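Numbering (my numbering), first residue to last: 322 to 635.
Just so it is clear, CB atoms sit at the ideal spot from N, CA and C, and this is done for glycine as well.
Just so you know, these numbers come straight off a predicted model, no measurement behind them.
This is the structure in structure tokens:
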């Protein structure tokens with residue numbers, strides 16, 4: 322596939338802090354698109370990618386306005402209370418008993434109104450009545466016993482300044498990782514051989530290593546990745562493989578501005594899952610506006626899943 326060109330979009334708000342080749346940066350960009358769309362901008366909001374600082378940088382077009390306008394919108398409307406957020410409601414209402422869990426999920430779906438569709442989106446992404454409790458989306462990288470607490474910390478500790486720094490500045494990873502890590506950034510792969518301190522008790526995690534604003538925005542992207550049961554596990558949109566040694570996530574980067582629903586369709590294109598995309602697959606992707614394809618592998622470091630640095634495969 323041809324490389325980036327020099328013609329840049331001029332309308333909309335450029336988000337130069339987000340790197341589309343980093344899983345966390347890509348998820349944060351999708352989180353912005355989904356959050357602003359849900360807030361009420363609807364199909365007026367579109368996302369595209371362009372080159373900047375040697376990588377792919379997102380641009381948000383539509384009525385979100387200037388940098389300050391976008392930040393004000395996100396700061397005012399992103400839910401901070403864990404118990405009020407759909408993900409928090411899901412995590413605090415789980416049933417350890419499989420039968421009760423299945424009945425509860427089925428009831429939520431049956432009784433959902435138009436205003437409840439957001440909760441159903443979260444249900445479809447993170448769980449299923451076809452698998453046992455404890456089976457996670459392939460995008461959930463934090464151990465189950467830590468996930469709820471870490472999500473709570475991310476939601477409740479993120480301030481406007483964290484959002485601004487993640488969206489518009491070079492990442493310095495100056496936010497603590499301790500109790501607020503979601504493991505979306507490959508830099509969180511911290512093995513014994515790669516650092517001085519033991520990872521489980523590393524005091525540096527209390528001071529630095531993360532980008533809190535990006536993690537908060539990435540949370541809002543999770544409902545885009547629907548999960549379906551397969552052989553007793555959850556198979557998540559955009560992923561291939563189910564074993565610990567063959568699971569990978571592949572995502573597209575596109576040139577032309579598209580809305581949330583079109584973005585969702587791009588994420589699930591079957592051509593992305595080919596080991597080496599064929600010429601026919603590449604032509605199909607180009608017709609859809611895809612200009613690059615990135616892939617990361619989901620690996621286990623001890624008991625904790627992590628993403629590897631992404632490779633461009635097309």
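* Euclidean distance between Cα positions of residue 456 and residue 469 -> Translated into positions along the chain shown, residue 456 becomes position 135. Translated into positions along the chain shown, residue 469 becomes position 148. Taking the straight line joining both Cα atoms gives about 14 Å.
* **Alpha-carbon to alpha-carbon, residue 372 and residue 560** => Here the question's residue 560 lines up with position 239 in the chain shown. Here the question's residue 372 lines up with position 51 in the chain shown. Going by the C-alpha atoms only, they are around 25 Å apart.
* Asked: Hey, how far is the Cα of residue 458 from the Cα of residue 616?
  -> If you number the chain shown from 1, residue 458 lands on position 137. If you number the chain shown from 1, residue 616 lands on position 295. Residue 458 and residue 616: Cα-Cα distance of roughly 17 Å.
* Would DSSP call residue 409 helix, strand or coil? -> Translated into the one-based positions of the chain shown, residue 409 becomes position 88. DSSP, read as helix, strand or coil, puts residue 409 in helix.
* **Pair within 8 Å by beta-carbon distance, residue 378 and residue 341** => For the purposes of this step, residue 378 is taken as residue 57 along the chain shown, with counting starting at 1. For the purposes of this step, residue 341 is taken as residue 20 along the chain shown, with counting starting at 1. Their beta carbons are under 8 Å apart, which means residue 378 touches residue 341 by this criterion.
* Simplified DSSP assignment, three categories, for residue 548 -> Residue 548 sits at position 227 when you count from the first residue of the chain shown. Under the three-state reduction of DSSP, residue 548 is assigned to strand.
* To do: Taking all protein chains shown into account, decide if residue 602 is buried (16 or more other Cβ within 10 angstroms of its Cβ) or exposed.
  => The residue you call residue 602 lines up with position 281 of the chain shown. The C-beta of residue 602 has 16 or more other C-beta atoms within 10 Å across all chains shown, which makes the residue buried.
* Look up residue 615 in the DSSP assignment and give the residues it is bridged to. => Your numbering for residue 615 matches position 294 in the chain shown. Residue 615 pairs with 572 and 633.
* Taking the alpha carbon of residue 293 as the point to measure from, which residue in 581, 628 and 488 has its own alpha carbon closest? -> Because residue 293 is not part of the residues shown, which for the chain are 322 to 635, the question remains open.
* How many angstroms separate the CA atom of residue 584 from the CA atom of residue 608? -> Here residue 584 refers to the residue found at position 263 of the chain shown. Here residue 608 refers to the residue found at position 287 of the chain shown. One C-alpha to the other measures close to 14 Å.
* Per DSSP, what kind of secondary structure is residue 457 in: helix, strand or coil? -> Here residue 457 corresponds to residue number 136 of the chain shown, with the count starting at 1. Reduced to three states, the DSSP call for residue 457 is coil.
* Asked: Nearest to residue 443 by alpha carbon, out of 411, 573, 474 and 499?
  -> As a working mapping, residue 443 is identified with position 122 in the chain shown. Closest by alpha carbon: 411.
* Assign residue 625 to one of three DSSP states: helix, strand, or coil. => By one-based count along the chain shown, residue 625 stands at place 304. Strand, per DSSP.
* Asked: Could you give the uninterrupted runs of the alpha helix (DSSP H) lying entirely in the region 478–510, keeping only those of 4 residues or more?
  -> Those alpha helix (DSSP H) runs which fall completely within the region 478–510 and span 4+ residues are 481–489.
* Under the rule that 16 or more other beta-carbon atoms within 10 Å means buried, what is residue 439, buried or exposed? -> In the chain shown, residue 439 corresponds to position 118, counting from 1. Exposed is the call here.
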